[in-house]
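Numbered per mature numbering (1 follows the signal peptide of the UniProt record, and there is no 0), the sequence shown spans residues -26 to -1, 1 to 216.
Input: a single structure, listed below in structure tokens.
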Amino acid sequence: MKLLTLLRTLPIIVTLCFIQIDTTCAAGVGINATRVIFPQDSQSVPVTLRNTTEKEEYLVQVYLTKIAKGASQDQTLDVLPPMFYLASKQQRDVRLVEGAQVAGLPKDRESIFYFHARAIAASEKNGELQKTSMKGDVKIALESVIKVFYRPKNLPLTVEQAHSSLLFEETANGINVVNPSPYYITLSSLSVGGQAVALNPDLNNTMIAPFASINYSLSVKKGKKVWAVINDLGGRSEYSRP
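Set out below in structure tokens:
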């Protein structure tokens, strides 16, 4: 049976349970990055997926959305190929390419998308993918999700300068952290006067959008500010200010 045909019929012939996790590895299928930077006018940007299992084969679907847990696929950037078969101990590159809608993106700041890799275990017999035990069968498909940043050219400062440019304003209940730059800034840690701020992606308080701010409730408002951001390579870069 051809791969594309099987993928199209999976929702009909089996019961699928989807579990989304914010990580780069799910069910043996992983992504070799924690984030992707797509510079404007790039011909394409590769994303590598790997299957680290010893025997399991997977059907993999890849696509983009505008929000992390969104169900509606976004076509601003195309993902090629959108579906493929990944054998055990193998890896494969997919490519992000600009779609027609890229022209409508802001030119003065980054745009964000979310790259999804959905994997479902497959069975194989005589070199062909098979539909086995379909009656009453339940398949669990897991998703890995990472961020994709579309970066316009000729932004007025570097991403490193942006990371160090955060501004801190006292408020009635704490401190307001301002991002005056055109880049998305993702905090991995933040402290004010030695008091750590509770950061949690589920609270939507880790990523500050371009030219935006987030208010944090703190009992300490003065003192040294220390923050660490996730850089383009997925590592941590730390900064401080008196």
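Note that beta-carbon positions come from the ideal geometry of N, C-alpha and C, so glycine has one too.
- Comparing C-alpha distances from PRO216 to each of LEU33, PHE185, TYR158 and SER138 shows the shortest one belongs to SER138.
- Taking a 10 Å sphere around the C-beta of ILE5, we find 16 or more other C-beta atoms and assign the residue as buried.
- Inclusion of LEU131 and ARG66 in the CB contact set at 7 angstroms is not warranted, their separation being larger than that value.
- Taking the Cα positions, THR26 is about 35 angstroms away from LEU164.
- Counting the other CB atoms within 10 Å of its CB gives ARG92 a total of 16 or more, which places it among the buried residues.
- GLN17 and PRO126 have their alpha carbons spaced roughly 14 angstroms apart.
- Rounded to whole angstroms, the separation of the alpha carbons of ALA170 and ILE86 is 27 angstroms.
- Exposed is the label assigned to ARG210, since fewer than 16 other Cβ atoms lie within 10 Å of its Cβ.
- When Cβ pairs closer than 8 angstroms are counted between the two stretches, the stretch 138 to 158 is seen not to touch the stretch 55 to 64, the count staying below three.
- The stretch 144 to 179 contains, as complete beta strand (DSSP E) runs of 3+ residues, the segments 148 to 153 and 159 to 166 (chain order).
- The beta carbons of TYR190 and VAL152 sit about 12 angstroms from each other, so the pair does not count as a contact at 8 angstroms.
- About 6 angstroms separates the beta carbons of ASN179 and ILE188, which is inside the 8 angstroms limit, making them a contact pair.
- According to DSSP, SER16 shares a beta bridge with no other residue.
- Between ILE182 and THR8, the C-beta gap is not smaller than 7 angstroms, which leaves the two residues out of contact.
- With respect to SER162, ILE94 sits apart: the two C-beta atoms are not nearer than 7 angstroms.
- Bridge pairing for LYS199: VAL166 and ARG215 [DSSP].
- With contacts defined by Cβ atoms closer than 7 angstroms, PHE89 and VAL122 form a contacting pair.
- SER214 is the residue among GLY208, SER214, LEU192 and ALA186 whose C-alpha sits nearest the C-alpha of LYS198.
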